[in-house]
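For the sequence shown, the numbering used here assigns the number 236 to the initial residue and increments by one for each residue that follows. Below is one structure, written out as structure tokens; the observations come after it.
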Amino acid sequence: MKNIYIGSCSWKYPSWENLVYTSRNPGNFLEEYSKKYASVEIDQWFWSLGKSSYGLPNRNLVAEYNASTPPAFKFTVKCPNTITSPFAYRGGTEPNRWFLHPDVFLQFYERIEPLGAKVGLLMFQFEYLNKDKMDSRKQFLDRLHAFFKALPKNLPYAIEIRNPRWIDSSWFSFLQERQVAPVLLQGYWMDDIVSVLDSYKNAVGDAACIRLHGDDRKGIEKATGEDWSRIVTSRDDELSSLAPRIAKLAEGGKTLYINVNNHYEGSAPLTISKLEKLLGAQK
């Protein structure tokens, strides 16, 4: 299906030799990757918040990514945590003065703008916001409203939140009113992804992202030894349930990005292969 983009969360893994790459150290990982997959998540610009300043993408690296990928390729880009972290550097209690600051986003976007139409989504990822970090859901929504009101229109914004109880019909309505795509996360104590899709399939706007992350990052790393070439935790039942739901959304005209992490089953390429076969069976 042309409106389903399946890819991994990051791409530079030597242990993907023979799964994605011709060797453990190809001359250009991304170039080889983009010959096999239609999209990828960029997370390297997320961790940007410093003690007294913040980082922005390197212009030369942005140009390299653009040159390494074909015109139809898509990046789902995690925006800087400088924008999405309510507290300052390294989890203290000092408020982050750049939290939901439009100027920071504009500086960030100016750096990645050369990617042009290859930017499939601009994803704002928020951590779990307890009462110490955010007084209420209403306060969060008010801050988000002011933030998006100040941003350029017609860019492909998306939001991931990690407060399960905040995901309801009013959340999807809030996003649709602002033409912001939902990012639905599997893992990190979030509600079952299949149940979420069943409950809100009619509330999804024109686009959505499903991120398959897994529940036990440290456990997977221990089991694999960070050799991401084999499945160590099979999630076949969940994938079999997800595939028809993804296909149904796509048939309804939605653009879907499926971002698969190595920590989901142990090997993102092998998970992607299984999901592609399941989706092929839906045709």
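We put the beta carbon where it would ideally sit given N, CA and C, even for glycine.
Three-state secondary structure (DSSP) of residue i
i           : result
residue 417 : strand
residue 268 : helix
residue 253 : coil
residue 390 : coil
residue 274 : strand
residue 322 : strand
residue 299 : helix
residue 460 : coil
residue 342 : helix
Close-in-space but distant-in-sequence residues of the same chain around residue i (CB under 8 angstroms, 5 per side omitted)
i           : result
residue 335 : 318, 319, 378, 379, 381, 382
residue 292 : 280, 343, 346, 347
residue 421 : 428, 445, 446, 447, 448, 449, 473, 499
Cβ shell of residue i (< 6 angstroms), same chain only, five flanking positions each side left out
i           : result
residue 460 : none
residue 392 : 357, 415
residue 240 : 273, 274, 309, 492
residue 506 : 495, 499, 500
Option nearest residue i by Cα separation, candidates the options
i           : options            : result
residue 307 : 272, 514, 477      : 272
residue 435 : 412, 408, 454, 447 : 408
residue 250 : 242, 241, 447, 261 : 261
residue 244 : 283, 259, 416, 309 : 309
residue 449 : 488, 479, 496, 507 : 496
residue 440 : 410, 252, 424      : 410
residue 481 : 404, 402, 429, 456 : 429
residue 278 : 359, 339, 253, 322 : 359
residue 451 : 475, 437, 425      : 425
Check: residue i C-beta below 7 angstroms from any heavy atom of the ligand MG
i           : result
residue 340 : Ligands are entirely absent from the displayed structure, and the ligand MG is therefore not among its contents.
DSSP bridge partner residues for residue i (one or two, in chain order)
i           : result
residue 494 : 242, 446
residue 383 : Answer by DSSP bridge pairing: none, since residue 383 is not bridged.
residue 354 : 310
residue 284 : 289
Own chain partners of residue i with C-beta closer than 7 angstroms, once the 5 adjacent residues on each side are dropped
i           : result
residue 255 : 267, 268, 271, 504
residue 490 : 238, 441, 442
residue 349 : 297, 298, 301
residue 337 : 382, 385, 386
residue 324 : 284, 285, 286
residue 418 : 358, 393, 394, 395, 444, 446
residue 247 : 264
For the 8 angstroms Cβ check, are there 3 or more pairs between the region 363-373 and the region 330-346?
-> No, the region 363-373 does not touch the region 330-346.
Fill in: Any 3 or more C-beta pairs closer than 8 angstroms across the region 491-503 and the region 460-471
Segments in contact, yes.
### Query
For the 8 angstroms Cβ check, are there 3 or more pairs between the region 387-404 and the region 357-364?
Taking a contact to require three or more Cβ pairs closer than 8 angstroms, the region 387-404 and the region 357-364 qualify as touching.
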